[in-house]
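To start, the structure under review is shown below, and the notes come after it.
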Amino acid sequence: MKKTIIAILFSLSVTLFLTEAKAYVQNRTTSDSLVHWTNGIALLDIFVNSTNTQSLSSATVQSIAANSIAQWDGKSKISLRKNQTAGSGQTGLNEIYFSTDPSVFNGTGVVGVTQVYYKNNTGEIIEADILINDNFTFSTAVTEVNYLGNVLTHEMGHFLGLGHSQVNGSSMFYALSRGQNQISSDDKAGVYSIYPNGDSTKGSLNGKVVGGRSLISVFGVHVQAISLKTGQVAGSNISDYDGTFVIDGLDKNDKYYLYTSPIALVGLPNKYSNAHYDFCDNSKKYRGSFFQKCGSAGEGFPQSVSLNSSSVNVGNVTIRCGLDVPVEYMQNKNITPAGFDIQSSVMSGLGNAFVGFFSAQEMSQSGSADYFRMDLSGVSDWDAVGTGSLYAEFRILNQSFYSPFKANISVKRDSGTTNVTPKYIQESDGWLNLETVVRVPINRSLLSDNNFEITVTPESMEFPYFPNGLPYTKTDYFPSSGYFEDSLYFYLVSASIVRDNGNSTFSLVSSKEQVLTDNTQCTDANNTYALTDFTTKGTTSSGARKKDDGIACGTVDLNGGSGNGPGGFFIGLILSLILCHLTSSIIKQNKPKHIAR
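For the sequence shown, full-length UniProt numbering begins at 1 and goes up steadily by one.
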């Protein structure tokens, strides 16, 4: 063994509920210190031993490891450098190596462990190692779930101090899925928040989540920032004891929609076991909702928060007991031709965003659809809006919110109909993207042709509906959906004007301009009560290693911690990433030295 350590894994058989990580928030010690590499480190060496018993060539393992390390390199002020070594379990080196150590891989289906040694009183990391279970069969095909790179990239996030994310599609998402070999915007924001490098293009959003008439702070709320430019979750965090949240590492000169939801108590540390949700009538939990203005004019129209400075405070953000949709949308739901104009809110600018939904009955009925329009026929001077080739862009977002369906779009205008019916988008690394984006050219010569009627048709992910030969299963689109899935099939429409840059990219030209207002005057969830029991501080037990050093580990667990071993993978087609709790008793008193510059 690397060091003389007695390590105890607490309740690994129920690991889905005993884990050591957060949204993109980094890990903490029992003294509530943030786990991190010391501020003076600019370069970390990682030694990769490719020796294994499953016929994976050394060149292949080294190449996959190099790609996983490169995903995180340069995303913060810490650089990472891969080295090759013939040893394993060596004191003083940060290593990646294959192992069958029964004290770590004890038959529970764990396929990877990240051991992070740190000073408990400061959180300063001394050394970190990634152990890969040599008993498990890994794939070298990037499109497979059990691709070695999916595990290594995820574990590299733990190596840097990140915990588990609850953002679907992120590398640090607690349940393994295709495409985790590439880090997401949320992952990038997370590592930047730990090791900022002074990038002037980065900024942060902060605020406070409240509920009830007395503006009571709400602890344990998952807050996601969705980029207007990309439609992706650009960053996320979980509200702290006082309801405050900070989402750092966001691109400035962008606009963001904020979505709040209860956390799922999987892949999270003991700290969040104190979170409560039963703040609505009949002790029902609050639901996912978007940050919107107060008053009826703001219902169902999420505010876009402009990040045009280094830090923007959005003020109080309320939790909600119901899903808000625009009144005019409801009045015209299922009616064609469309009577609801997405431009109908009072804000200026071309474009808007609103929330729509499909009921369970609509999902099961053939021919169900939502209809709305964006009437731009009154715009007479498009040169004042923007030069070049302009498009009306419509995005339908629902996958990030765990709303399990596929939205297909058609757009009708005087000159014809643009049908967009992709059943899925399988990216090069195997990730299945359900986002739907339609761009329709602006007609500068025939202004009346810029009145767009949009039809959204839902496609179910549920058996037995599953039409048109969708690949894989619902779990591949929505990993661990049982913990995150929303009861309504809702979606966010984002409409804006964009310019074609001529290189397969588009730039935002116009969207709704808003004066930001918070929810102080219109809080929901009137049964919100103050929490007084915050007894769990930190998340990791420390041993006797000079009495101030701790040890934590990130693991990859098969089949949701059921203990069925590798066979469970082929049945469940899902790997659950968990962060286990360890206590340690260190006989050797000398601290290991990390290799860093």
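Using N, Cα and C, we set each Cβ at its ideal position, and we do this for glycine too.
Sequence-distant residues of the same chain with beta carbon closer than 6 Å to residue i, five excluded per side
i: Met172; result: Gly157, Leu162, His164, Ser165, Asp187
i: Thr244; result: Lys208
i: Gly179; result: Asp429, Gly430, Trp431
i: Cys321; result: Cys280, Tyr286, Asp524, Ala525
i: Asn451; result: Asp375, Ser377
i: Thr436; result: Ile396, Ala407, Ile409
i: Thr143; result: Gly430
Residues that DSSP places opposite residue i in a beta bridge
i: Glu127; result: Tyr117
i: Ser496; result: Gly351, Glu393
i: Arg178; result: Paired residue(s): none; Arg178 is not in a bridge.
i: Glu453; result: Arg373, Lys412
i: His36; result: Glu124
i: Phe98; result: Ile132
i: Leu250; result: Gly203
i: Gln292; result: Pro302
i: Thr260; result: Val223, Ser289
i: Phe490; result: Phe357
i: Glu459; result: Lys406
i: Ser88; result: DSSP, once it has assigned bridges, lists no residue as partnering Ser88.
i: Gln365; result: According to DSSP, Gln365 bridges with nothing at all.
i: Asn433; result: Ile425
i: Ser139; result: Tyr147
i: residue 601; result: One cannot answer for residue 601 here, as it falls past the ends of the chain, which runs 1 to 597.
i: Leu508; result: Val498
When the options are compared against residue i, the one with the closest alpha-carbon
i: Gly386; options: Ile409, Gly349, Lys406, Lys412; result: Gly349
i: Ile46; options: Val438, His36, Tyr97; result: Tyr97
i: Asp375; options: Ala369, Ser58, Pro326, Val411; result: Val411
i: Leu160; options: Trp72, Thr436, Lys229; result: Trp72
i: Gly92; options: Val233, Ala128, Lys75, Asn526; result: Ala128
i: Ala392; options: Asn308, Asp199, Arg439; result: Arg439
i: Ala141; options: Leu250, Val61, Tyr259; result: Val61
i: residue 648; options: Gly74, Ser76, Lys285, Ala65; result: Examination of residue 648 is not possible in this model, given that the chain is present from 1 through 597 alone.
i: Asn39; options: Ile130, Tyr195, Arg81; result: Tyr195
i: Val48; options: Leu205, Gly74, Arg81, His36; result: Arg81
i: Gly74; options: Tyr491, Ser364, Gly198; result: Gly198
i: Ser57; options: Gly298, Val420, Phe138; result: Phe138
i: Asn181; options: Ser204, Thr201, Tyr147; result: Tyr147
i: Ala59; options: Leu131, Asn83, Trp37, Trp382; result: Asn83
i: Ser310; options: Thr143, Lys202, Ala530; result: Lys202
i: Gly378; options: Ser504, Asp449, Ala530; result: Asp449
i: Gly298; options: Trp37, Lys512, Leu131; result: Lys512
CB of residue i within 9 Å of CB of residue j, strictly
i: Ser103; j: Thr51; result: no
i: Tyr483; j: Val312; result: no
i: Gln151; j: Phe354; result: According to the sequence displayed, residue 151 carries Val and not Gln. No, they are not a contact pair.
i: Gly112; j: Ser193; result: no
i: Tyr489; j: Phe357; result: yes
i: Gly169; j: Ser68; result: no
i: Asn206; j: Lys252; result: no
i: Tyr216; j: Thr473; result: It is Ile, not Tyr, that sits at residue 216 in the sequence shown. No; because the gap between Cβ atoms is not below 9 Å, this pair is not in contact.
i: Glu155; j: Thr114; result: yes
i: Ile342; j: Phe372; result: yes
i: Ile335; j: Thr260; result: no
i: Gly235; j: Ser185; result: yes
i: Val325; j: Ser296; result: no
i: Ile442; j: Leu390; result: yes
i: Phe337; j: Glu453; result: A small fix is needed here, since residue 337 is Pro in this sequence, not Phe. For Pro337 and Glu453, yes; Cβs fall inside 9 Å.
i: Gly351; j: Tyr329; result: no
Other residues of its chain near residue i: CB distance less than 8 Å, five sequence neighbours each side excluded
i: Ile574; result: Bear in mind that the predicted position of Ile574 carries a pLDDT of just 24, short of 50, making it too unreliable to give a figure here.
i: Gln331; result: Gly339, Phe340
i: Leu446; result: Asp414, Ser415
i: Thr417; result: Ser410, Val411
Sequence-distant residues of the same chain with beta carbon closer than 7 Å to residue i, five excluded per side
i: Leu516; result: Gln303, Val305, Val314
i: Ser507; result: Val498, Arg499, Asn501
i: Glu486; result: Checking the sequence shown, residue 486 turns out to be Asp, not Glu. Answer for Asp486: Gly288, Phe401, Tyr402, Ser403, listed in chain order.
i: Arg213; result: Thr523, Asn526
i: Lys333; result: Asp370
i: Ser368; result: Phe358, Glu362, Pro458
i: Asp254; result: Ser227, Leu228, Lys229, Leu307
i: Tyr277; result: Pro262, Lys285, Tyr286
i: Ile183; result: Gln71, Trp72, Thr153, Ser171
Minimum Cβ-Cβ distance from residue i to chain C less than 9 Å
i: Lys333; result: This model lacks chain C altogether; it includes just one protein chain.
Any non-hydrogen atom of the ligand MG closer than 8 Å to residue i Cβ
i: Ser460; result: Annotation note on the ligand MG: not contained in the displayed structure, which lists no ligands.
Tell me the start and end of each unbroken beta strand (DSSP E) in the region 307 to 343 that is at least 3 residues and wholly inside, in chain order.
Segments of the beta strand (DSSP E) lying fully in the region 307 to 343: 311 to 318.
Which ranges would you report for the alpha helix (DSSP H) in the region 190 to 235 if only whole runs of at least 4 residues count?
none
I'd like the ranges of any beta strand (DSSP E) spanning at least 3 consecutive residues and lying wholly in the region 43 to 69.
43 to 48
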